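Engineer:
There are 2 protein chains.
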Amino acid sequence: MNIRTLCLGILSFKEASGYEIKKMVEDGMFSHFIDASYGSIYPALTQMLAEGMVTVRAEEQSGKPDKKVYAITPKGQLALGCAIDVLPRPDKFKSEFLFQVLLMDNLEHDRLAEFYDVRLGELKAELARIRECCTAASLHPGHKFVNGYGQAVIGAAVTYLETMRDEMLAPGSGAHTEAAE
Amino acid sequence: MNIRTLCLGILSFKEASGYEIKKMVEDGMFSHFIDASYGSIYPALTQMLAEGMVTVRAEEQSGKPDKKVYAITPKGQLALGCAIDVLPRPDKFKSEFLFQVLLMDNLEHDRLAEFYDVRLGELKAELARIRECCTAASLHPGHKFVNGYGQAVIGAAVTYLETMRDEMLAPGSGAHTEAAE
DNA sequence: GTGAACATGTAACAAGTTACATGATTGA
DNA sequence: TCAATCATGTAACTTGTTACATGTTCAC
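Protein chains in written order, with the working numbering: chain E, 41 to 221; chain B, 41 to 221.
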């Protein structure tokens with residue numbers, strides 16, 4: 041799925057500016073399974089405007105620069121429908137953290153502990169954020185499902201990291217501790 | 041983390057050919073959190089050979105073309121150590137499936153059901169595969185941890201999809217069923 | 001005899017990110 | 001006054017993927 045489809049999907053819920061789309065992807069409902077930068081959103085919007093997939097409306101704001109609010113058109117709805125109607129590619133998960141844990145023999149114990157706790161903190165923060173989203177996330181079944189999915193999966197990760205913490209970070213479990221034996 | 045580091049990391053466990061590295065990334069211990077294609081592995085290996093990070097040994101094979109078995113050098117170990125010693129970037133998860141569920145109003149019920157069950161099947165298969173890995177996965181704490189992480193997270197996803205299946209796929213829960221009311 | 005698995009490699013291409021450019025307002 | 005937030009946009013750059021090129025053996 042490309043950025044164009046992502047923008048159309050978001051606009052199908054609610055008209056928004058490029059800036060707002062980025063914000064939604066960054067800290068909203070979409071944050072835990074989608075990514076997009078300004079450098080991809082703005083060109084996509086401009087392009088789709090030329091193709092009649094979306095319309096713009098300049099919204100004046102005191103002080104701040106004008107906001108360009110985009111809305112999806114029937115043509116855009118159609119394109120969205122087509123893009124959505126194909127079997128999704130398998131989910132993709134990438135983790136440098138897990139790679140580093142795998143290679144823990146090459147890492148000092150304290151360093152591993154640091155990375156471990158940073159990661160655990162990130163996961164907890166992410167869990168807290170999507171839990172908040174949920175409160176606001178209305179009754180829409182799609183929203184509820186996606187939110188619940190995030191909570192289930194990230195919750196499982198947090199639980200796992202917490203239960204394994206002692207075992208993994210106990211002195212004597214990794215390399216660089218040969219002296220202890 | 042780039043492909044070079046990935047190759048070094050794998051070679052730090054065991055010497056291997058480019059083809060074998062790909063296989064490990066594809067169906068081994070690494071499969072659920074890393075990706076790499078031949079088009080990135082082979083050039084990385086060639087490059088690192090020129091830089092003295094790895095060595096090669098041509099292994100003759102009856103029939104099949106010679107296998108080029110790479111092994112990590114002390115210089116490569118050092119480079120790996122440095123690459124590993126930086127705070128990992130946050131994990132990244134991408135899901136077209138969740139995006140489609142979010143947009144379920146734009147999708148026919150049967151289509152959603154199809155995607156749902158395909159995804160559930162993929163997750164179950166993945167879970168089964170990493171469970172098998174575990175059996176062989178020795179006692180190395182890093183391996184055990186990563187394998188357990190995968191099982192915890194994917195297991196949670198499977199459980200979630202299974203418990204939500206009826207609710208999500210029941211007729212009358214989505215769009216395109218307005219006629220039923 | 002046809003396709004899959006083994007095995008290596010390259011070049012064109014896709015897609016999106018980073019960094020830059022600009023500029024006002026607001027809060028610390 | 002310095003950083004952050006709001007706001008849009010472009011161009012160079014990274015990174016890796018896809019598709020192609022080549023060739024053998026084994027199983028169905």
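Every residue, glycine too, gets a C-beta built ideally from N, C-alpha and C. What you are looking at is a predicted structure, and each value in this text was computed from that prediction instead of being measured.
1. Assuming B:Ser80 and B:Ile43 form a contact by the criterion Cβ under 8 Å, report the distance between their Cβ atoms to the nearest whole angstrom.
2. Apart from the five residues just before and just after B:Arg159, which ones in its own chain have a Cβ nearer than 8 Å to its Cβ?
3. Counting only C-beta atoms, is E:Lys132 closer than 8 Å to chain B at any point?
4. By DSSP's criteria, B:Thr95 is part of a beta bridge. Which residues make up the other side?
5. Here's the rule I'm using: 16 or more other beta-carbon atoms within 10 Å means buried, otherwise exposed. How should B:Pro181 be labelled?
6. Could you tell me which residues DSSP puts in a beta bridge with B:Lys132?
7. With a cut-off of 8 Å, do at least 3 Cβ pairs link the stretch 83 to 96 of chain E to the stretch 113 to 129 of chain B?
8. For the alpha helix (DSSP H) containing B:Gln191, list its first residue and its last residue.
9. Compare the C-beta of E:Ile43 with all C-beta atoms of chain B and state if any pair is closer than 8 Å.
10. Taking Cβ to Cβ, would you say E:Asp131 is nearer than 8 Å to B:Lys132?
11. Give a yes or no on whether 8 Å exceeds the smallest Cβ distance from B:Ala119 to chain E.
12. Going by the DSSP bridge assignment, what does B:Ala56 pair with across the sheet?
13. Please state the DSSP three-state secondary structure of B:Glu148.
14. At least one CB of chain E closer than 8 Å to the CB of B:Leu179: is that the case?
15. Measuring CA to CA, which of B:Glu207, B:Ser52, B:Ile194 and B:Lys63 is closest to B:His149?
16. Can you have a look at B:Gln33 and say buried or exposed, based on whether 16 or more other CB atoms are within 10 angstroms of its CB?
17. With a threshold of 7 Å on Cβ separation, who are the neighbours of B:Glu55 within its own chain once the five nearest residues in sequence on each side are excluded?
18. Is it buried or exposed, B:Thr45, if we count other Cβ atoms within 10 angstroms and call 16 or more buried?
19. Once DSSP output is grouped into helix, strand and coil, what is the label at E:Pro105?
20. With 8 Å set as the bound, which would you pick, yes or no: does the beta-carbon of B:Ser52 sit closer than that to a beta-carbon of chain E?
Structural biologist: Well, looking at it:
1. By a beta-carbon distance limit of 8 Å, B:Ser80 contacts B:Ile43. Their separation comes to about 5 Å.
2. Phe137 and Leu201
3. Chain B contact via Cβ: present.
4. B:Ala111
5. buried
6. E:Lys134
7. The stretch 83 to 96 of chain E is not in contact with the stretch 113 to 129 of chain B.
8. Pro181 to Leu209
9. For E:Ile43, the answer is no, since every Cβ of chain B falls outside 8 Å of its Cβ.
10. no
11. no
12. B:Tyr110
13. coil
14. No, B:Leu179 does not count as interfacial toward chain E.
15. B:Glu207
16. Outside the displayed range of chain B (41 to 221) lies residue 33 of chain B, so it cannot be described from this structure.
17. Val109, Tyr110 and Ala111
18. buried
19. coil
20. Cβ-Cβ to chain E under 8 Å: yes for B:Ser52.
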